[in-house]
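Single-structure report; data block below.
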Amino acid sequence: MLSKWRQISLVASALMLGLPLFVIVAALLALPLGGDFTTLSHLWDTVIPEYVRHSLLLMLGVAVGVITLGVGTAWLTTSCRFPGQRILSWALLLPLAMPAYITAYTYTGMLDYSGLVQTSLRDAFGWGYGDYWFPQIRSLGGAIVVLSLVLFPYVYLITRATFLQQSATTLEAGRSLGLSPWQCFWRIALPLARPAIVTGATLALMETLADYGTVQYFGVTTFTTGIFRTWYGLGDLTGALQLAGLLLAAVIALILIERWSRKQARYDQRNPRPAAPFQLRGSKAWLASAACWLPLLLGFILPALQLTSWSIERWQVWTDADFWQLAWNSFALAFTAALLVVTVALWLAYGRRQLPTKLVRTSVAFAGLGYAIPGLVIAVGLLVLLSGADQMIIAASESLFGWDPGLLLSGTLFALLFAYTVRFLSVALQTVQAGLAEIRPSMDEAARIHGYRPFQVLRAIHLPLLRPSVLTAIILVGVDVLKELPATLVLRPFDFNTLAVRAYEMAGDERLADAGPPALMMVMVGLIPVILLSRAMLKSQQHALKEQDFVPVTA
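According to numbering that gives the first Met the number 0, the residues represented by the sequence shown are 0 to 554, in order.
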């Protein structure tokens, strides 16, 4: 009987986390059943074709960019030896610490008409306005470049892991047949890595669809900007819900494509002995080094230097009590959300371990879908849900007590924490489940034999062993919460700001230098999970190198 109630509670918890998505789906499915077509039909005749066109062009451009940068750097750092290769193998993850909208601000500050680059050109050549042509950074092309530079590590990380695991026998057979290193890459390694490439590119494209700060600042109309415009500009929440439903359908399509690609990975051969790297010499070595340093320079080093320059220019901000209050709001919110999300993840992951029924497994997997859904979509669905609940509470309170309690759920920190839990539960869930997988089931059985209840097993045995996984999950979720922009913009309480919102507001007012300190603070905190990931990569690489018993091949 107890296990039955635990199963019900686990399923109910998972379904409750999916309520915002149910609201979006219901709004979209209601259209064929007599729903209100007025706003959607107007948007379809006017702006939706533009949203679709810009979104598709943006996704196509980002896909080409992240695959080119990610696959190229992954192959070079895995299969070749050249100056700086060891540093680059982990440093190429650093752009992950830079939110895309922050990179957009920095490149605007550098490349806009009043920026350092164009100012220097005018001073050097005596040019005036209209005397020269310079590419416009605030454009669809600029958004593609910025998002590609920030998101290519998704493809790099997954593809590099695949290249490290590829069979040495297969690649050496290609070399024995007279294939050059380039031909081995193009005809053998690349086809074998195709599922991994598609997976990484799909993650990057989901982030592209979810992006709001970059496209809004560059003036590119996509579904995310359209949802904000419909909601705040037209004041039509139903239309915003319907647009969110279309965006949700696009994200689901990407998820299905990614899962289909993984089914094709059966031909991916693996061998305990990694393939021998090629030792590059002369100009080839320096070209390979330059090819890997360039995306790192453009995706992290230059934006970080620009943020540092602005922060030094606005050094007074660092002594301002309001700035540190803002930082405290951000860190306190991130820490609280991280603790909440990890607690929920422990509850669900441990319940799945104790009751691995099909219903529980499916429910927990459903609860982890939030990370693939844009924060703006979650925020819209949640606001509708909580606003309805607030109206019911107010009506009941006025009827019973003659008292209006006001908004208790929507527009409060509760709404924000709920949205963060839905959005980032998957991050904590995967980390905790990976830690639980390392604990042998025999330990649970031994504890039960000694009379321990499930909660006592978790507290006395699992939590001490899960400490590294729990700490990692708290850090990862906390940093994600710190950088989240759309959900925070929509759901934050009145007069409550975070570092992300302040940077967005300053950039929106064209006060880019004032956006520097909060942006730099976020980037510095964002380096923490990247450093952890880099250390894990280095350990894995060192372990692989110890198992190698070969001399690198010279190319």
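Just so it is clear, CB atoms sit at the ideal spot from N, CA and C, and this is done for glycine as well.
As the structure is a prediction and not an experimental result, all values here were calculated from the model.
Below 8 Å CB to CB, which residues in the same chain sit around residue i once its five sequence neighbours on both sides are set aside?
i, result
"arginine 137", "Thr107, Asp111, Tyr216, Phe217, Gly218"
"isoleucine 23", "Leu240, Ala243, Gly244, Leu247, Val376, Val379, Gly380"
"leucine 338", "Ile473"
"alanine 249", "Ser54, Leu208, Phe222"
"proline 551", "Note that proline 551 scores 47 on pLDDT, short of 50, meaning its location in the model is unreliable and no value can be drawn from it."
"glutamate 584", "As shown, the chain starts at 0 and ends at 554. That puts residue 584 outside it, with no answer to give."
Hey, how far is the Cα of residue i from the Cα of residue j?
i, j, result
"leucine 204", "serine 425", "18 Å"
"glycine 515", "tyrosine 451", "53 Å"
"isoleucine 86", "phenylalanine 184", "22 Å"
"phenylalanine 365", "leucine 246", "18 Å"
"leucine 498", "leucine 332", "11 Å"
"threonine 342", "glycine 477", "13 Å"
"threonine 553", "arginine 80", "Reliability fails at threonine 553, whose pLDDT of 49 lies under 50, so the model's placement of it is uncertain and the value that follows must be treated cautiously. Near 9 Å, if we compare the C-alpha coordinates of arginine 80 and threonine 553."
"threonine 361", "glutamine 353", "14 Å"
"histidine 41", "glycine 507", "28 Å"
"leucine 139", "glutamine 278", "40 Å"
"valine 480", "phenylalanine 423", "8 Å"
"serine 147", "valine 61", "5 Å"
"proline 467", "alanine 486", "29 Å"
"threonine 464", "alanine 445", "First, the amino acid is wrong: residue 464 is leucine here, not threonine. For leucine 464 and alanine 445, the distance between alpha carbons rounds to 16 Å."
"leucine 490", "serine 113", "34 Å"
"serine 282", "leucine 92", "25 Å"
"glutamate 49", "arginine 228", "14 Å"
"asparagine 496", "leucine 163", "44 Å"
"leucine 470", "leucine 345", "12 Å"
"alanine 26", "leucine 531", "41 Å"
"threonine 38", "tryptophan 285", "57 Å"
"leucine 32", "threonine 237", "Only weak support is given to the placement of leucine 32: the predicted model assigns it a pLDDT of 45, under 50, and the value that follows is read from those uncertain coordinates. One C-alpha to the other measures close to 15 Å."
"tryptophan 43", "alanine 326", "42 Å"
"serine 88", "alanine 160", "11 Å"
"tyrosine 128", "proline 134", "14 Å"
"aspartate 548", "proline 276", "Bear in mind that a pLDDT of 46 at aspartate 548, under 50, signals an unreliable position, so the number given afterwards is only what the model happens to contain. When rounded, the distance between both Cα atoms is 12 Å."
"valine 359", "serine 12", "11 Å"
"threonine 220", "leucine 296", "28 Å"
"tryptophan 402", "valine 197", "56 Å"
"alanine 371", "glutamine 455", "34 Å"
"valine 316", "serine 78", "46 Å"
"aspartate 122", "proline 82", "36 Å"
"lysine 3", "glycine 64", "50 Å"
"proline 194", "tryptophan 259", "9 Å"
"serine 396", "tyrosine 231", "29 Å"
"threonine 484", "serine 288", "Strictly speaking, residue 484 in this sequence is leucine, with threonine absent from that position. Whole-angstrom Cα-Cα distance: 35 Å."
"glycine 388", "serine 329", "For the sequence presented, residue 388 should be read as alanine rather than glycine. Roughly 27 Å between the two C-alpha positions."
The alpha helix (DSSP H) with residue i in it runs from where to where?
i, result
"arginine 121", "115 to 124"
"serine 409", "Neither: serine 409 is in no alpha helix (DSSP H) and is coded neither H nor E."
"tyrosine 211", "It is not in any alpha helix (DSSP H) - tyrosine 211 carries neither H nor E in the DSSP assignment."
"tyrosine 567", "Only positions 0 to 554 of the chain appear in the structure, and residue 567 is not among them; the question remains open."
"threonine 76", "47 to 78"
"proline 294", "281 to 295"
"aspartate 479", "462 to 482"
"threonine 307", "301 to 312"
Our contact map puts residue i next to residue j with C-beta atoms below 8 Å; I'd like the distance itself, whole angstroms only.
i, j, result
"threonine 201", "leucine 253", "5 Å"
"leucine 95", "serine 310", "Actually they do not touch by this definition, with Cβ atoms about 21 Å apart."
"glycine 369", "leucine 59", "Contact flag wrong, Cβ pair sits at about 26 Å."
"alanine 320", "valine 522", "That belief does not hold up - the Cβ atoms of alanine 320 and valine 522 are roughly 22 Å apart, past 8 Å."
"alanine 348", "valine 421", "That pair is no contact at about 16 Å."
"glycine 367", "arginine 5", "So it is not a contact: roughly 19 Å between Cβ atoms."
"leucine 475", "proline 528", "5 Å"
"phenylalanine 493", "glycine 410", "7 Å"
Please return the same chain residues whose Cβ sits closer than 6 Å to the Cβ of residue i, not counting the five positions on each side in sequence.
i, result
"proline 98", "Lys482"
"valine 383", "Val22"
"serine 8", "none"
"leucine 68", "Phe151, Pro294"
"proline 517", "Leu498, Arg501, Ala502"
"alanine 290", "none"
"arginine 534", "none"
Can you find the residues in the same chain that come closer than 7 Å, C-beta to C-beta, to residue i, ignoring five residues on each side of it along the sequence?
i, result
"phenylalanine 417", "Leu381"
"valine 145", "Ala99, Thr102, Ala103, Tyr106, Thr213"
"glutamine 305", "Thr105, Gly108, Met109"
"arginine 52", "none"
"isoleucine 392", "Pro404, Leu407"
"glutamate 257", "Val197, Thr198, Thr201"
"alanine 142", "Leu57, Thr213, Val214, Phe217, Val219"
Under 8 Å: do the stretch 219 to 230 and the stretch 188 to 196 share three or more Cβ pairs, one atom per stretch? no
Whether or not the stretch 142 to 156 and the stretch 64 to 83 are in contact is what I'm after, with contact meaning three or more pairs of Cβ atoms, one per stretch, closer than 8 Å; do they touch? Touching, yes, given that three or more Cβ pairs across the two stretches are closer than 8 Å.
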